[in-house]
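Numbering (our numbering), first residue to last: 10 to 320.
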């Protein structure tokens, strides 16, 4: 049994709890939560689609579906957490802003063996891994690792394929996700350089945040200038090939004939074949969708399983 501890709660963690209950080899043992327990119970019941049912809270334990028990602690000092007492090996850390790498090592001192920092967009000194993309670079000696912001899961497979097959000269990325409507430029593209170094200085990026009643299904829109001339039929065939081979279970596609149920599809990047096209013989427009609640959270659990059984 893989025993996991969690420090902090957010919408990603709630889904990690939800999907961990569906895996026989994974168990969430302890959540460290600094706010009122009633707020936690409210958050865990806040999703209308992927709903957790909290039956009761008793003796610093939440009981889910009258069956699954998770200990709740309230410790601000990481060193005082009882990972060793609960025999917890893996820690999922949600605080990606204020904690430094040296702070994350406090989890190790508290008895954990590995720490996975979620949504890393600022810590260059913490290696970033995506299962199916660069997990082969993982080493047993790594105690602190991280996972990038969930949009990178959708983006990286596409960039990796296009650059490998055609060579990328420049690309412009528009990330569309749920929130209040606003548009901003950002430096997210710099993080891609940590995963695909050869794309340095070849990427521009903006975010567009829009209201979304589902609050989980988002998409990216890419304009990619490539070195080798091609046609859209070739692009489609390459995407289909990779989705059935190297990136099986990671990359997908859909069109009029091939429909997708995004609410329950855990693949991290699903291309819209119909609405993607060639602007010129070396200029591609690609639209790809993802459900971060399903794809990101499952890939975090997959990554932990990989480390447990392969390192």
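Every residue gets a Cβ at the ideal spot worked out from N, C-alpha and C, and that includes glycine.
#### Entry: CA-to-CA distance, residue 231 to residue 181, given in whole angstroms
6 angstroms
### Query
Over what stretch of residues does the beta strand (DSSP E) that includes residue 24 continue unbroken?
Residue 24 -> not in any beta strand (DSSP E); alpha helix (DSSP H) instead, spanning 20-29.
### Entirely enclosed alpha helix (DSSP H) segments - the stretch 106-149, minimum 4 residues
Runs found: 110-118.
### Residue range of the unbroken beta strand (DSSP E) whose run includes residue 263
260-263
### Query
How is residue 230 classed by DSSP in three states: helix, strand or coil?
strand
### Query
Going straight from the alpha carbon of residue 80 to that of residue 37, what length do you get?
9 angstroms
### Query
Buried or exposed: where does residue 206 fall if 16 or more other Cβ atoms within 10 Å of its Cβ makes it buried?
Residue environment analysis places residue 206 among the exposed positions, since fewer than 16 neighbouring C-beta atoms fall within 10 angstroms of its C-beta.
### Task
Verify whether the separation of the beta carbon atoms of residue 178 and residue 237 is less than 8 angstroms.
no
### Query
When we look at the beta-carbon of residue 106 and count the other beta-carbons within 10 Å, is it buried (16 or more) or exposed?
exposed
### 8 angstroms Cβ cutoff met for residue 277 and residue 162
yes
### Message
To the nearest angstrom, how far is the alpha carbon of residue 134 from that of residue 261?
### Response
Taking C-alpha positions only, residue 134 is separated from residue 261 by approximately 32 angstroms.
#### Entry: Limits of the alpha helix (DSSP H) - the one that residue 311 falls within
If you look at residue 311, you'll find it in the alpha helix (DSSP H) that goes 301-319.
### Message
The alpha helix (DSSP H) that contains residue 12, what's its start and end?
### Response
Run containing residue 12: none in the alpha helix (DSSP H); it sits in the beta strand (DSSP E), 11-16.
### Task
With DSSP as the reference, label residue 174 as helix, strand or coil.
helix
### Message
I'd like to check one pair, residue 120 with residue 97: are the Cβ atoms closer than 8 angstroms?
### Response
In contact: residue 97 and residue 120 (Cβ atoms closer than 8 angstroms).
### Strand pairing of residue 181, partner residues [DSSP]
213 and 232
### Query
Among 116, 73, 75 and 301, which has the Cα closest to the Cα of residue 86?
116
### Query
Which same chain residues, not among the five before or five after residue 54, have their C-beta less than 8 angstroms away from its C-beta?
60, 61, 62 and 63
### Query
What are the start and end residues of the alpha helix (DSSP H) that includes residue 237?
Bounds of any alpha helix (DSSP H) do not take in residue 237, whose DSSP letter is neither H nor E.
#### Entry: Helix, strand or coil at residue 251 [DSSP, three-state]
helix
### Per-residue burial, residue 128 [other beta carbons within 10 Å of its own, 16 or more giving buried]
buried
### Query
Could you check where the alpha helix (DSSP H) with residue 48 kicks off and where it finishes?
46-53
### Message
My output table needs one value for residue 66: the three-state DSSP class, helix, strand or coil.
### Response
strand
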